[in-house]
Ligand code: ATP
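Residue numbers (this note's numbering): 15 to 337.
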């Protein structure tokens, strides 16, 4: 059973003065158990709307959303204790310490102080736990927010853009934390438009554009299917290497400090052999992979589509912190 199941999800926001925006348009998604699942899409693609529907914070126009097998539109209370989430920046009291903040939140949920201490350690804040939140970096605040979502020790963690607004050091902290949580066997569902992070952080990825699923699968598969169909070859004598490979009939070119060779994936050994025959030994040979940014642009670009516009909000979504 998939931990998160979305079938035919559609959400249409009606505007006050007529017309409507279809934010999610027939989305099907299955998120397997364990690991980090990246839900990627450009701004306005419908990620937040999907997450809100999934957590039962807003009602979809049609479609089914299930968490751990439970319909979240009708029975969210049956799973809410097994799911932690951050849909918006969690509201923390800046004048209180990280520990105090979590203890206050925990008190509402019957969480012990020992569990709060454990959670602070889990998110790497044990040694700063008694400092005021206003002295924390953004990354630390975000980790504290994730700590708040972890208090119940949930099996599933749903985070909307957790790395948003963070500097590279903060992004790295979040990435490492989420990866560790996924390795423990939790299912971490994280929406993002930060493509470079996905590869290092996520095991699976789904790409959303204009409310529709474009592609979904293991990160390597999504990238591999669109790999450049070639190899990157590094060796000290670049020019000679190029001549030798071209002399053997291969389509090769110098690209930066390496040679790129167009060749099917199962022909790597012919590169090694051809070079070795001429006394050339390579220092690196790897498949030429399309980077996610390129894949993402290719997949989500629709020249016929108008640029997304800001629509007049007609529904005020309920506060969505720490479901
Ligand atoms: P972002 O990363 O910018 O938050 P997103 O992928 O999360 O983007 P959504 O916030 O789900 O996308 O928005 C999808 C579309 O629905 C956008 O066109 C947005 O303007 C519209 N939309 C979102 N919320 C509302 C609302 N409450 N009322 C009307 N339209 C809305």
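Ideal Cβ positions, reconstructed from N, Cα and C, are used throughout, including at glycine.
**OP:** Report yes or no: do the stretch 114 to 123 and the stretch 61 to 73 share at least 3 C-beta pairs separated by less than 8 Å?
**Re:** Counting Cβ pairs under 8 Å, fewer than three are found: no touch.
Subject >> residue 96 versus 165, 283 and 231, residue with shortest Cα-Cα distance >> reply: The closest CA to that of residue 96, considering only 165, 283 and 231, is found on 165.
**OP:** Measure the CB-CB distance between residue 154 and residue 142 and report whether it falls below 8 Å.
**Re:** yes
Original post:
Is the stretch 213 to 226 close to the stretch 265 to 275, with three or more CB pairs under 8 Å?
Top reply: no
Subject >> residue 230 and residue 223 closer than 8 Å at C-beta >> reply: no
Subject >> Alpha-carbon to alpha-carbon, residue 298 and residue 332 >> reply: Caution is warranted here: a pLDDT of 42 is assigned to residue 332, below 50, making its placement in the model unreliable, and no coordinate value can be reported.
Original post:
If you draw a straight line from the alpha carbon of residue 149 to that of residue 100, how long is it in whole angstroms?
Top reply: 22 Å
Original post:
What did DSSP end up calling residue 166 once you bin it into helix, strand or coil?
Top reply: coil
**OP:** Assign residue 198 to buried or exposed, taking buried as 16 or more other Cβ atoms, counted over all protein chains shown, within 10 Å of its Cβ.
**Re:** exposed
Original post:
Any heavy atom of ligand 1 closer than 7 Å to the CB of residue 37?
Top reply: yes
Original post:
Hey, would you say residue 171 sits closer than 8 Å to residue 152, going by beta carbons?
Top reply: no
**OP:** Look up residue 301 in the DSSP assignment and say whether it is helix, strand or coil.
**Re:** Strand at residue 301.
Subject >> Span separating the alpha-carbon of residue 131 from that of residue 35 >> reply: 44 Å
Original post:
Can you list, in chain order, the residues of its chain whose CB lies under 8 Å from that of residue 42, leaving out five sequence neighbours each side?
Top reply: Hits under 8 Å: 20, 21, 22, 23 and 227.
Subject >> Span separating the alpha-carbon of residue 107 from that of residue 140 >> reply: Distance between the alpha carbons of residue 107 and residue 140 is about 18 Å.
**OP:** Quick one: give me the first and last residue of the beta strand (DSSP E) that residue 250 is part of.
**Re:** Counting along the chain, residue 250 falls outside any beta strand (DSSP E), and DSSP gives it neither H nor E.
Subject >> residue 110 versus residue 176 - alpha carbon distance >> reply: 22 Å
Subject >> Own chain residues within Cβ distance below 6 Å of residue 319, not counting five before or after >> reply: Note on residue 319: pLDDT 47, under 50, position unreliable in the model; the coordinate value appears next. No residues qualify anywhere along the chain.
Original post:
Alpha carbon to alpha carbon, what distance is there between residue 271 and residue 251?
Top reply: Distance between the alpha carbons of residue 251 and residue 271: 10 Å.
Subject >> Cβ pair count under 8 Å reaching 3, the stretch 244 to 259 against the stretch 280 to 290 >> reply: yes
Original post:
Would residue 73 be called buried (16 or more neighbouring beta carbons within 10 Å of its own) or exposed?
Top reply: exposed
Subject >> Span separating the alpha-carbon of residue 87 from that of residue 173 >> reply: 19 Å
Subject >> Own chain residues within Cβ distance below 7 Å of residue 321, not counting five before or after >> reply: Because the pLDDT of residue 321 is 40, which lies under 50, any placement of that residue in the model is unreliable, and the question is left without a value.
Original post:
Taking all protein chains shown into account, do 16 or more other C-beta atoms lie within 10 angstroms of the C-beta of residue 37, making it buried, or fewer, making it exposed?
Top reply: buried
Original post:
Within this structure, are the beta carbons of residue 367 and residue 68 separated by less than 8 Å?
Top reply: Residue 367 is absent from the model: the chain starts at 15 and stops at 337.
**OP:** Using the Cα positions of residue 52 and residue 277, report the straight-line distance between them to the nearest angstrom.
**Re:** 30 Å
**OP:** Go ahead and pull the three-state DSSP assignment for residue 159.
**Re:** helix
Original post:
What does a CB cutoff of less than 7 Å around residue 75 pick up in its chain, not counting 5 residues either side in sequence?
Top reply: In its chain, beyond the 5 residues on either side, 24, 25 and 26 have a beta carbon closer than 7 Å to the beta carbon of residue 75.
Original post:
Does DSSP classify residue 4 as helix, strand or coil?
Top reply: Beyond the ends of the chain as shown, which are 15 and 337, falls residue 4; an answer cannot be given.
Original post:
What residues in its chain sit with their C-beta under 8 Å from that of residue 324, if we drop five residues either side in the sequence?
Top reply: With a pLDDT of only 40 at residue 324, under 50, the local geometry of the prediction cannot be trusted, and no value is derived from it.
Original post:
Where does residue 329 sit, in a helix, a strand or coil, going by DSSP?
Top reply: Low local confidence applies: a pLDDT of 45 at residue 329 is under 50, so the model's placement there is unreliable, and no value is given.
**OP:** Buried or exposed for residue 312, please, with buried defined as at least 16 other CB atoms from any protein chain shown within 10 angstroms of its CB.
**Re:** exposed
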